[in-house]
Each structure stands twice: as C-alpha cells, then as structure tokens.
Amino acid sequence: MSIDETKSFSATANDVSCRVPLLALFGGAALWLVLGLLLGLLAAMSFHDPNLFGNCPFLTFGRAQAAANDLVLYGFVMPAALGTMLWIATRLSGAPLALPIVPVAAANLWHLGVAIGTLEILTGGSSGHAWLEYPRLAACLLFAGFILMAVSATATMGFRARGEMYPSLWFFLAALLWFAWTYSTANLFLISSHPPRGVAQAVIDWWYSNNLLFVWLSLAGIGIAFYFLPKFAARPLAGTGYALFAFLTLIGFGTWCGMPQGAPVPAWLPAVSAYAALLSILPVIAVAVIGWKTAAPAGFSLCGGPFCFMKFGLLSLVVSDLLYLSEFCPRISRVVDLTWFGFGVTQWQLLGAAGMIVCGAIYEILPRVMEKELPQRGLAKLSAFLFAIGVLVYVVPLLIGGVEQGMKLNANIPFADISAGTLMFLRISSTGQLLMIIASLCLLLNVLIMTIQWKLALGKALVAALTAPLSTDSTTAKESEVKP
Amino acid sequence: MKTGFSVFLVSFVALGASWFGFVYGPVRQLGDETQTPILQSPDAWPPRPAGDATLGLQVYRACGCAACHTEQVRQTGTLNELTLLSLGVHSAGDFKDFIRSLMVVPELMNESNTIVGNLEKWNGATPFVMYSGDDDIAVSTLASKLKAVGVKTDARIVPTGPDIARGWGARQSVAEDFLYDDPVQPGNLRAGPDLAAIGVRDPDVNWQLRHLYAPRSLLKTSTMPPFQFLFEVRKVNGQPSPEALVLPKEFVPADGMEVVPTAEARQLAAYLVSLKANVPLYDAPFTPVTAAKP
Chain A
0 MSIDETKSFS ATANDVSCRV PLLALFGGAA LWLVLGLLLG LLAAMSFHDP NLFGNCPFLT
60 FGRAQAAAND LVLYGFVMPA ALGTMLWIAT RLSGAPLALP IVPVAAANLW HLGVAIGTLE
120 ILTGGSSGHA WLEYPRLAAC LLFAGFILMA VSATATMGFR ARGEMYPSLW FFLAALLWFA
180 WTYSTANLFL ISSHPPRGVA QAVIDWWYSN NLLFVWLSLA GIGIAFYFLP KFAARPLAGT
240 GYALFAFLTL IGFGTWCGMP QGAPVPAWLP AVSAYAALLS ILPVIAVAVI GWKTAAPAGF
300 SLCGGPFCFM KFGLLSLVVS DLLYLSEFCP RISRVVDLTW FGFGVTQWQL LGAAGMIVCG
360 AIYEILPRVM EKELPQRGLA KLSAFLFAIG VLVYVVPLLI GGVEQGMKLN ANIPFADISA
420 GTLMFLRISS TGQLLMIIAS LCLLLNVLIM TIQWKLALGK ALVAALTAPL STDSTTAKES
480 EVKP
Chain B
0 MKTGFSVFLV SFVALGASWF GFVYGPVRQL GDETQTPILQ SPDAWPPRPA GDATLGLQVY
60 RACGCAACHT EQVRQTGTLN ELTLLSLGVH SAGDFKDFIR SLMVVPELMN ESNTIVGNLE
120 KWNGATPFVM YSGDDDIAVS TLASKLKAVG VKTDARIVPT GPDIARGWGA RQSVAEDFLY
180 DDPVQPGNLR AGPDLAAIGV RDPDVNWQLR HLYAPRSLLK TSTMPPFQFL FEVRKVNGQP
240 SPEALVLPKE FVPADGMEVV PTAEARQLAA YLVSLKANVP LYDAPFTPVT AAKP
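What follows is the structure, encoded as structure tokens:
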C-alpha cells in the first residue's frame, strides 16, 4: 500500500498530474448527478398527479425516467468511478498519470455523449432497449471516451514499480475490459442497422444490463472501497486471499446472471441465470467479510465525510447485490418480477452502492489533487447523512411496495386497485429523491467552487507570467507548466 | 494475480464464456427464427406487421411506454379439462355406471378418485366438467372411450395463472410473439397492465385513442398519465371533424373546441389493437374458447 518515497516523483506531484482530468470528470459527474436526480423527481411527479405533464412530451414518465437513469449511471457513476480509478492507479504505481491530456479529451467526449444522449431520449430518440437508450452518435462518443480513458489507466498501471498488483487494480482492469466489451457488443448488435430478429434482442439487452449494473458497478465499487477502506481504517486490507476469491467468483459467475425467470425465452437461459445467481452470492459474502474485518476495528463513528460514504456504500453494495441476486430465485421472482422491487434494487445499486462510494472518493481525492481543503467541508459532511438517508427513504418504500404489488398481482385483486395501492409507496419515496438532490447540490457546490478557484489562480499565474520581466525565475516557469 | 496480463487473461476468459453463452448462443438459436404454425390452423404466427401498427411500435418506443407496461403474460401451468357436452342416447344413470366400470382401465386408475368424485357431485346437467387436472393421458383415454359409445365430450388444455385469470392473455408469452418487433420491448415493470393481448381486450381504436387522451374518462382511478401531446386541440370550424374524439363534458378542453388525434396517436392506437397474442402454438398450447362450442 505504501508508496515508494524514493521514486523521483513524490505523491503530491503524481496527484497534481491528475488535476485537470479529474476536474473534468468529477465536475461533469456532479452536474449530471444533480440533473439526473431532478429529472427522476420530475418523472416521479407523474405518480403524484398524472395530469401534470400531459402536454409536455419531454417529461412523460417513460422518457424522463429513462433519461434520469442514464444520467445517474453514465453521467455520474461511471465518469466518477473512472476518475477515481485513474487516481488510484497513479497512487498504486507511484507514477504520474500516463498521457494526462488523453483523459481530458476523453472526459469531454464522454460528457458530450451523455448530453446528446439525454436530449435524444427526451425528444423521443431512445433506442427502446433498457439501459442502452442512447442512440448511435451518443453511444459512439461514450465508447471513444471510455477507450481513451482505459488506455491512460492501463498505461498508468503498467508504470508500477512493484511487480504484484494490489487487489483494487484487478477489479479496475477487469472493469475496463468489461465495459469496453459489453458496451460494444450490445451496441453493435442492437443499435446497428441489422439487429438480430425477435427476442434475441431482449436477451442481449438483459446480458448487457446485468454485466453493467451488477458486474461492472460491483467491480468498480469493490475496487475503490478496497483502496480507501484500509486507508481510513489505518490497517491493511483483511485477507488478500478472500479478495482473490471474490474477484474470481464475481467475474466467473456474476456475468451469467441477468435472465429474468419469467422471460419468454428458451428455458435454459433463465435456468442458467438462476444457478449463476446462487453461486454469485459467494463473492458478495466474501466482500462483506473483507469489509467487516477491515473497517470494524476502526469503530463505528458517524463523523460524516468520505469514510461514512465508503462504509455505507460498501454495506449498500452487499445488501443491494444480495437483493438483486434474489430476483433470480424462481420462487422469489414469481412475486417480485415485473414490480417496483426490481426498480428499487437497481436504484439502490446505482445510488446507494456505487453512487455513495464514488461520492466519498470524490470528496477524498479532490483536496489532494487540488492541494487545497474542500471549500465547504461542513456541507460535505452533511451530505453524507443526507445522501444515505435519502437513498434509504427512496429505495425502501419501493422494495416494500414492490413485494406488496407482487403478492397482489398473484392474488385475485383488480389491477386498478393494485396500481392505486403502490401510489403511497411511490409518494413516500419522492422525499428520498428530494434529500438526495440536496446532497448532490452540496457535492456540486464543492466541485464548482474548487474549479472556479483553480481557474482564477491559473488566470492570475498567467497574468503574472505575461507581465513578469523576461528573465523569469524557475518558479514562474514551473507554475505555467501546470496549466492544461 | 501477480501481473496485469494474468488478470486480463482471467477476465477475458470469464467474459468470453458468458458472451458465447448469452450472446452468440441465443443469436444462433433465435436470431433467424421464422414464422411458426398456429396449432389446428393453416395460418402462421406472428402475422407480418403492416401499415400504422409498424409505425406505432416506434411511437411506443419513443414515448417509453415499456417503462410502465410489459408485453409478457406469465402462466403457472396448464390444466387438462374434459367436459361432457351431451349424453347422446344414454341416460345419466347408465352413463355413471359406465364411467365407474371404466375405472379399471390402467390409464385412468391414477385419476379414478377425482373422476368418480366429480361424478358423485354431478346433478345431471350438461356441460359438466368431468375432469380437470394434470393427467393428459387420462383425458385422452376417457374421451376416446366415451366417443366410442356416442357420448360427446370436449377435451381442452387450459392455461392457468393470475395473469390468465385477470384476462391479460389466453396463454403465456413465448419467444415467437416478438419475431417482428424491432426494438423488442418486453418491459420490466407493471406500473400499468400487461399489453400482450390488449388488442383482444379492447379492440376498438376509438376506445384506445380516448384512453390515450384522457385515461380517467374511461377508468376513474387510472394512474396513467394522459398523452395529450399526441392530440391536436382546435376550434370547430362549421361541422365537427369526424375524427374528433367523443369525450365526456369534463374532459373537453373548452366549448367550441375539438380534440383530433395526430398521425402518431393513430399509429400508436393501431399498434395497440394489433397486439393479440391469443393463438395456440407448439410452445404454448391451449384450446381456444371458440372451439369449445358443440
């Protein structure tokens, strides 16, 4: 874990090499999180009053919810996780970021893709495949951005001085391969001019969604948590053997989940997924054991800040992944399939697990790469509680409402009564969305102030460099090198 | 896991295996399907989509209807039913004795308690459900024995399950139903009812249009948002348009105004009424209700 201090680059210089790419990635991510949560709240308003957006095609539930989901996943979680991966890669290799200009360009491509994709969905250009709604242009931009970031991250990992890879890097390397492969496959098959016929489309979409929402988010979340938890708890990661076991079982079994048990497909597909889901409980339990053994000795203080984010995130990851896997048990799926339960589990995986973990990582990394304290530390601490409570208030009613809805769907109850019965749960969950919006505004404020302060400082340095006499000393020259 | 290469290799193998299993395999198995024969019919399923219904699928996609509606009916099992339609020349007493005498036939022995039990409760009226259960061989044996003595029966396969009982479909959805859909949108949430056979339940295009414009004008407690943006509200010039929706007073925007569906609304409605997954297939057999009439 410790970084080799004898290397020519100090840790601080390595951190600074990440500054511009991370500002680009985190700044956009924080903005998309606010917009995504807002859009999600607007979508949910349809359940408070269905007539609200009758004349507004952009905010009809089907469009707004899809755009909100994609904004949170592709806009917030993924760039934030990728930025964190880049930074951890520099830390663990004890080298500066390789090709630092590449991730800057990649971040801009990525955010442009998210913006275009969101506008397309809101104006009716969605592809119609769940979690793959972005049409061709946006998908190409996202893919190009991802590949560029993956190149930079892999190159940085390659610079490491010590031979053996720290567990986090296994998870990151797998995550880089995973998204590149699944996203290109899904897009080439489904968003192409000659998609396969019939239900094979749905099968590919389920395969992609599972590999993204379960495998990718778990890989990224676990990798990040395995780096930060030992730091916060000030003790080494408990059990590298367990970590290896979790890694291998997660990528070996997790990737075979995803086929809904009641799906209108050949029976072998759901059957394979049911067994894979049973085996995928193993990595989740291993991660829970590692997390417990690493973090528990540090005590259970709730001080707010990154450690709280990370602890709550890893706990959410374990619980939400177990709930996700339970959906593939045939007996449970008969009740919870096609209800709000699955929706709630996905939101928990997205916001409660991966979202909380990357949020904590941003708060921890930003002061280091900027060499400056967070401008609003109080708000950052507060947002940990707001976010955690918001996630629970958002998700738990959806889960309970989903189970109740499923039991009613299996009983002889008129459908109008069932959908009316879920309304109370949906309305309660909107409160959680509101809390998360406040928390996300705290994050955005922090990132925004830091960016503006940095730009002002850059401007000052530039003016100083321009007005300085020609025989400048070395410090001014160094400062101007830092500029993008 | 000492080197990045070994991590890459392990990940490559793991993901590659699932790619072969869940992408390549299903595409080979299902990707070049063609129409399948409908049981006891010269026709093939599904019908080729035509006209507005094809365009309507794209409106369905663009509006994100699949966020709240599924197109997959689920079924928990099937029952084999044998119904007595007429006794022919026999009396009820003779018929009962004949059935009891049949219970020594090996194919019927397992179900004899059920069959005789039903018979004891019978009041002599037809039609009468003689047997309803899992045993298809008992049903076919009994039917053939009764046919030989001139008793008319009807053997049926009846799908069961809450979705079927709710009237959402005559049978479960199967892969064949989605053959011509592009994109395929099976949906994953039932905030609204299943639509796999909405065209059987509500075949009237005008009903669909009115429901799209003002769901609560047809169902007071509906939670569906109205899709008013698919309709044009305009002043009545002289004669009201024949296409204008017939709405109750409280849903008319204003006096002297009429609500006319746009092309998109008509396409969406055409698509909805085209959703009729109600034919028996090899994968999902059942006996259509119309065939039960003597």
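Protein chains in written order, with numbering that gives the first Met the number 0: chain A, 0 to 483; chain B, 0 to 293. Yeah, the Cβ is synthetic: ideal placement off N, Cα and C, and Gly gets one too.
- Neighbours of A129/A in chain B, taken as residues whose beta carbon is under 7 Å from its own, are N187 in chain order.
- Along the length of the segment 47-103 of chain B, whole alpha helix (DSSP H) runs at least 4 residues long occupy 51-61 and 91-101, reported in chain order.
- For the pair of segments examined, the segment 211-223 of chain B was found to touch the segment 250-266 of chain B: the number of CB pairs separated by less than 8 Å reaches three.
- When Cβ-Cβ separations below 7 Å define contact, T159/B makes no contact with chain A.
- In this chain, V288/B is not harboured by any beta strand (DSSP E), its DSSP state being neither H nor E.
- By the Cβ criterion, the segment 279-293 of chain A is in contact with the segment 241-248 of chain A, since at least three pairs of Cβ atoms, one from each stretch, lie closer than 8 Å.
- Look at L267/B: its C-beta is not under 7 Å from any C-beta on chain A.
- Only exposed fits P241/B, as fewer than 16 other CB atoms lie within 10 angstroms of its CB.
- With a cutoff of 7 Å on beta-carbon distance, G112/A and L131/A are scored as not near each other.
- Beta-bridge annotation (DSSP): M256/B is paired with K234/B.
- Proximity of T184/A to chain B, defined by a Cβ-Cβ separation below 7 Å, is satisfied.
- Excluding five sequence positions before and after A63/A, the CB atoms of its chain that fall closer than 6 Å to its own CB belong to L38, L41 and A42, given in chain order.
- Listed by position along chain B, the residues whose Cβ is nearer than 8 Å to that of V283/A form an empty set, because the closest Cβ is around 17 Å away.
- Taking 7 Å as the cut-off, the beta carbon of V19/A is found closer than this to the beta carbon of V103/A.
- Not one beta carbon of chain B lies nearer than 7 Å to the beta carbon of R426/A.
- Straight through space, the alpha carbons of S40/B and Q74/B are spaced by roughly 23 Å.
- Inter-segment contact for the segment 19-30 of chain A and the segment 437-450 of chain A is present: three or more beta-carbon pairs are separated by less than 8 Å.
- Chain B has a Cβ within less than 7 Å of the Cβ of F342/A.
- For D193/B, there is no enclosing beta strand (DSSP E), as DSSP gives it neither H nor E.
- DSSP places G312/A in no beta strand (DSSP E) but in the uninterrupted alpha helix (DSSP H) bounded by P305 to S325.
- Between A269/B and A61/B, the gap from beta carbon to beta carbon reaches 7 Å or more.
- In this chain, the beta strand (DSSP E) harbouring R155/B covers K151 to T159.
- Distances from the alpha-carbon of W109/A to those of G377/A, A270/A, F75/A and M423/A put F75/A closest.
- At a cut-off of 7 Å, the C-beta of G198/B has no neighbouring C-beta in chain A.
- Collapsing the DSSP output to three states places G253/A in a helix.
- If you check the CB distance, M102/B and S90/B do not come in under 7 Å.
- Between the alpha carbons of G30/B and P195/A lies a distance of about 5 Å.
- Taking a Cβ-Cβ threshold of 7 Å, the residues of chain A close to D31/B are R196, in chain order.
- By the criterion of at least three beta-carbon pairs nearer than 8 Å, the segment 295-315 of chain A is not in contact with the segment 249-268 of chain A.
- Here the alpha carbons of V344/A and G261/A stand approximately 18 Å from one another.
- G127/A is classed as buried because its beta carbon has at least 16 other beta carbons within 10 Å across all chains shown.
- Between A79/A and V286/A, the C-beta gap is not smaller than 7 Å, which leaves the two residues out of contact.
- Look at S131/B here: in three-state DSSP terms it is strand.
- At a C-beta separation below 9 Å, W18/B has these neighbours in chain A: W180, T181, T184, W206 and T254.
- Per the C-alpha coordinates, the member of W347/A, L385/A and V334/A positioned closest to S217/A is W347/A.
- By the CB criterion at 7 Å, W44/B and T35/B fall inside the cutoff.
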